[in-house]
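Working notes, beginning with the structure itself.
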Amino acid sequence: MAITPRNKKVEDQIRRLGRRLGKGPSAVIAEVVERAMQADTTGRNQFPPEEIVRRKALIDSFLADMAANTTEDDRRIARDLDKGRHDDAGVPK
Numbered sequence: 336m337a338i339t340p341r342n343k344k345v346e347d348q349i350r351r352l353g354r355r356l357g358k359g360p361s362a363v364i365a366e367v368v369e370r371a372m373q374a375d376t377t378g379r380n381q382f383p384p385e386e387i388v389r390r391k392a393l394i395d396s397f398l399a400d401m402a403a404n405t406t407e408d409d410r411r412i413a414r415d416l417d418k419g420r421h422d423d424a425g426v427p428k
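What the sequence shown shows, in the working numbering, is residues 336 to 428, in sequence order.
Given below as structure tokens:
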């Protein structure tokens, strides 16, 4: 089964990467897919459960601190800076 990208930008990126690596498009795609598959399986559960709990607590503490110390003026400024950076669905442009 042939898989043909219908996205010119992706095609160009595959070709540029292939030139850098000295590989053809199929080899580039195979390597990227293999790396993604390995990252998907080896990246899971790489930390002990107690480390995950500790890190989550740090994140929760940081977020609570930010919420407590962020003024309405800070929020307004952040909203103004973000205007026009996202589409109607909230996806970055």
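The C-beta atom is built at its ideal place from N, Cα and C for all residues, glycine as well.
Just so you know, these numbers come straight off a predicted model, no measurement behind them.
Could you say which of the options lies nearest to residue i if we only look at CA atoms?
i	options	result
Thr339	Ala371, Ala402, Arg354, Pro360	Pro360
May I have the straight-line CA-CA distance separating residue i from residue j, to the nearest angstrom?
i	j	result
Ile364	Gln373	14 Å
Pro427	His421	4 Å
Val368	Asn404	43 Å
Arg341	Glu386	43 Å
Glu407	Ala424	24 Å
Arg389	Ala371	27 Å
Residue i by DSSP, collapsed to three states: which one?
i	result
Pro427	strand
Is residue i near residue j, with beta carbons less than 9 Å apart?
i	j	result
Lys358	Glu366	yes
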